[in-house]
Each structure stands twice: as structure tokens, then as C-alpha cells.
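Beneath this line is the structure, given in C-alpha cells, with notes to follow.
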Amino acid sequence: MMINRLQNAIREQAAFDGALIVSPENRFYFTGFPSSDGFLLVSADRAVFITDGRYIEAAQNTVKDCEVVLMTTAATQIFELFAEMQVSRVAVEAGRMTLAQYQKYAVALEPMALLADSTLDSIICALRAVKQPLEVEKIKAAQKIAEDAFSYICTFIKPGKTEREVSLALDYYMLSHGAEALSFETIAISGAKTSMPHGVPGENVIQTGDFVTMDFGAVVGGYHSDMTRTVAVGKVSAKQKEVYETVLHAQKAVLDALRPGLSCAAADRIARDVITEAGYGDYFTHSTGHGVGVEIHEYPSLAPRANSILTVGNVVTDEPGIYLPGEFGVRIEDMAYITENGCENLTRAPKELIIL
Ligand code: ZN
Ligand code: ZN
54 MMINRLQNAI
64 REQAAFDGAL
74 IVSPENRFYF
84 TGFPSSDGFL
94 LVSADRAVFI
104 TDGRYIEAAQ
114 NTVKDCEVVL
124 MTTAATQIFE
134 LFAEMQVSRV
144 AVEAGRMTLA
154 QYQKYAVALE
164 PMALLADSTL
174 DSIICALRAV
184 KQPLEVEKIK
194 AAQKIAEDAF
204 SYICTFIKPG
214 KTEREVSLAL
224 DYYMLSHGAE
234 ALSFETIAIS
244 GAKTSMPHGV
254 PGENVIQTGD
264 FVTMDFGAVV
274 GGYHSDMTRT
284 VAVGKVSAKQ
294 KEVYETVLHA
304 QKAVLDALRP
314 GLSCAAADRI
324 ARDVITEAGY
334 GDYFTHSTGH
344 GVGVEIHEYP
354 SLAPRANSIL
364 TVGNVVTDEP
374 GIYLPGEFGV
384 RIEDMAYITE
394 NGCENLTRAP
404 KELIIL
């Protein structure tokens, strides 16, 4: 299914007639089979997955969309298979292949040419950006676990708990409720530290009047989820409330606008304009969102200088924030699936200000 999409793309261009895929992420994306080592060879009408003895039985049982071959002398095997496929120009993943691998295969595949500009990377990015229904189901399943963890953590957070305890409780909840892994190291920070967008949870003790920002996600079937919520403990100041409402307004304005045809730069600008108008433009220090899927950060990104256009099937985050150094910060993040008419918010967790 996924390999067919790459084969269609190979047919539609003339720069290369074979693709050599070495990265675990792209191998997994196309075969649906996770492995730490292996090669996927694709031409317009044939695809071969070479994997080693640790994986061969499982791969033969589960990989249906291509031939599965046991790895022996990888470089020679790759050369012989591409020769059988009558491939003469092999594209590689310029952004993911090491220089050592490049040099090795440039020699091993002679006289075939190795194409190491970013042609293949761009094609794969574009394919991966358009999620298929099964991929969206996995992202939704991952997101459900994270949201259940959020409901749980709202009963757990109280003055006296440390950031570390909150992050561990989120992790334990997700991993014991079906997450096969965490999307990334959970962020749970409190008080003045919330002004650091990617602060690391430590021994800070949560106090009345603190904001607690949590950015976390689960992995299901190889697909990631990503959400952020900022909650208050006990009470909030007028300024905390104002900043929270500004971020929420910006976040909702983007969600209202997301639709096929909207440029990613314009999506970013919507959030930035709301925050700038409220006087906090200098304190929104990162981009508005990013694609999510097999990796936690993937194409397309909602950033000021992004030059892509949203299309049906994209899954992107919407996560503006305001960070006031030495005071506090707020970020609110949902994941949205771009549909024909707009977008479906994949994040159901409440985001009106919660005071625990
Ligand atoms: Zn996040
Ligand atoms: Zn994110």
C-alpha cells in the first residue's frame, strides 16, 4: 500500500529509477515492520526488503507488500537485486544516510549512479505528510491514551508534588494503558520554569498559584501523539489569566483556519498575529506547529518561513505559547487532521483554563 505510493512517484519522474531506503523510520513507514537494520529496494515494479536473521521470520510472516529476503552480504545483494530490476540510477535518502554509507554504496553499486540530492527525501516527505486512514487510526489511538493520562494527572497534581513525580505519573499511566513507548521525554514543569518551552522536569515542588505545563504523547503501532496542556494550581493572577486566554485565543484561531490550500506560513501568522496584538509577540519564540506521524516532528511545519501548503490528510499540531522569562509560560497544543472542509481536531481534552 505505502510502497505502491512510492512506486507511483518513481514512475512520475525521470531523475532515478530505483530507491535505496536505509533509515529505520522510512523502512518502517513503507513496510510497516519495525527493525533496527535492513534495506528496502524499490523500483517502479518491484520492491525487496532485506533484513537480518533477528527479524527474518517475523518479517516474512507480516510484511505483505514486498519480497522479504535474508541479509547475507548486503552490498553485493543490493547490487545484484538492483541489476535484476534493471535499475541504473539509485536515489538515496540524503537527509538520513551517513557519509560512510554513501561512500560504501557509491562504490558497491558501480556502475549504477547514486543520486544523493534531496529528490527522494522530498518525495518521501510528501508521501508521509498525507496520512492514510489506518495511520490516522493509530494516531487517534495514541492520542486517546495521552488524553486519558491527562484526565488522570488532573487528579494527581497538587501542591507538594514535584515536577518529576508528575512526569513519571504521566509516563506510567501511558505505558500501562497501551502505549508501546512515549513520543518523547515528557515535559512537566511548574512555576517560573514554565517560561522555558522545553524545560526538563526536576525536583521543583508545585505550589499554590503555579502554572504546570505538560507536553507529552504516546506511541501506538509506531505512530506518535503530541499534546500540551497548562493547568493552574489553587489560584491564578489576573496576568496569568490574561496570558492563558491570549494563547487559547491564538490556538483556536489557527484551528478555525486550518484547511486544504492554507499555506503553512499563513497558519503560523494567524497565531503570531493574535499574540502580537495582545502585546506578547516577543514572547512567542517557536513555530506554531509541526507534522506528526512515524516521527514526532515531521513535514509539514507551521512556521514563519515554511513554503508548503496544507493538503487533505496532513496531521499537524497547533501549539502557540507565551513565555515570560522569570515569571511563567503557557502553551496549549492540539493535533489536527486536515479534511476536505477544514480540519478535525484529534485532541478532545478540555483546554479552557483548569484551576486544580
Ligand atoms: Zn508537544
Ligand atoms: Zn508538538
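The numbers in our numbering rise by one with no breaks, and the one at position 117 of the sequence shown is 170. Even for Gly, the Cβ is constructed at its ideal location relative to N, Cα and C.
Does the distance between the C-beta of residue i and the nearest non-hydrogen atom of ligand 2 fall short of 6 Å?
| i | result |
| --- | --- |
| V370 | Correcting the residue identity first, residue 370 is Thr in this sequence and not Val. Yes, ligand 2 has a heavy atom inside 6 Å of this Cβ. |
| D279 | yes |
Please report the distance separating the alpha-carbon of residue i from that of residue j.
| i | j | result |
| --- | --- | --- |
| A324 | E163 | 51 Å |
| L223 | V286 | 17 Å |
| G148 | L59 | 17 Å |
| R384 | I198 | 20 Å |
| T400 | G252 | 23 Å |
| K404 | L301 | 8 Å |
| I210 | L409 | 8 Å |
| D335 | P250 | 14 Å |
| K294 | N61 | 51 Å |
| A111 | Q156 | 31 Å |
| M227 | I242 | 18 Å |
| I57 | F135 | Residue 57 is actually Asn in this sequence, not Ile. Approximately 18 Å between the Cα atoms of the pair. |
| I109 | T341 | 42 Å |
| K191 | G274 | 6 Å |
| A128 | A68 | 23 Å |
| T125 | K246 | 52 Å |
| F102 | D70 | 17 Å |
| Y158 | G366 | 35 Å |
| F203 | V284 | 11 Å |
| V265 | S229 | 23 Å |
| A169 | V145 | 6 Å |
| S76 | M165 | 21 Å |
| G231 | E133 | 42 Å |
| G314 | L152 | 37 Å |
| I63 | L406 | 49 Å |
| P186 | K292 | 42 Å |
| V296 | V327 | 11 Å |
| G395 | F81 | 29 Å |
| R316 | F269 | Here residue 316 is Ser; the residue named in the question, Arg, does not match the sequence. Roughly 27 Å separates the two Cα atoms. |
| E330 | S248 | 20 Å |
Who pairs with residue i in a beta bridge, going by DSSP?
| i | result |
| --- | --- |
| Y276 | V273 |
| T283 | T266 |
| C10 | Beyond the ends of the chain as shown, which are 54 and 409, falls residue 10; an answer cannot be given. |
| G374 | R384 |
| F92 | I103 |
| A241 | M267 |
| A72 | V95 and A144 |
| L235 | A271 |
| I408 | A285 |
| V368 | Y390 |
| V258 | T215 |
Following a CB-centred definition, is residue i positioned closer than 6 Å to any heavy atom of ligand 1?
| i | result |
| --- | --- |
| D420 | With the chain covering 54 to 409 only, the question about residue 420 has no answer from this structure. |
| D268 | yes |
Mind checking if residue i is an interface residue toward chain C, Cβ cutoff 7 Å exclusive?
| i | result |
| --- | --- |
| E120 | Annotation note: the requested chain C is absent from the structure, which comprises a single protein chain. |
Let me check you understand the geometry: is the CB of residue i closer than 6 Å to at least one non-hydrogen atom of ligand 4?
| i | result |
| --- | --- |
| T208 | No copy of ligand 4 occurs in the structure displayed; its ligands are ligand 1 and ligand 2 alone. |
So does the stretch 255 to 266 actually touch the stretch 167 to 181, counting three or more Cβ pairs closer than 8 Å?
Short answer: they don't touch.
What runs of the beta strand (DSSP E), each 3 residues or longer, lie entirely inside the stretch 285 to 362?
Entirely contained in the stretch 285 to 362, the beta strand (DSSP E) runs reaching 3 residues are, in chain order, 342 to 344 and 351 to 355.
Can you give, in chain order, each stretch of the beta strand (DSSP E) that sits fully within the stretch 97 to 172 and has at least 3 residues?
Fully enclosed beta strand (DSSP E) runs of 3 or longer: 100 to 104, 120 to 123, 142 to 145 and 166 to 168.
Could you tell me whether the stretch 306 to 316 touches the stretch 276 to 294, using the rule of 3 or more Cβ pairs below 8 Å?
In short, these stretches do not touch, since the Cβ pair count stays below three.
Is there contact between the stretch 333 to 349 and the stretch 369 to 377, where contact requires at least three CB pairs shorter than 8 Å?
Segments in contact, yes.
Quick check: the stretch 127 to 141 against the stretch 93 to 110, are at least 3 beta-carbon pairs closer than 8 Å?
In this structure the stretch 93 to 110 lies against the stretch 127 to 141, because at least three pairs of beta carbons, one per stretch, are closer than 8 Å.
Using a Cβ distance threshold of 8 Å, determine whether the stretch 260 to 280 contacts the stretch 190 to 207, with at least three qualifying pairs required.
Judged by pairs of C-beta atoms under 8 Å, the stretch 260 to 280 touches the stretch 190 to 207, as three or more such pairs exist.
With three or more C-beta pairs closer than 8 Å as the rule, is the stretch 82 to 91 touching the stretch 106 to 121?
Because the criterion of three Cβ pairs below 8 Å is met, the stretch 106 to 121 and the stretch 82 to 91 touch.
The stretch 349 to 357 in contact with the stretch 317 to 333 per 3-pair CB rule at 8 Å:
Output reads yes: the stretch 317 to 333 touches the stretch 349 to 357.
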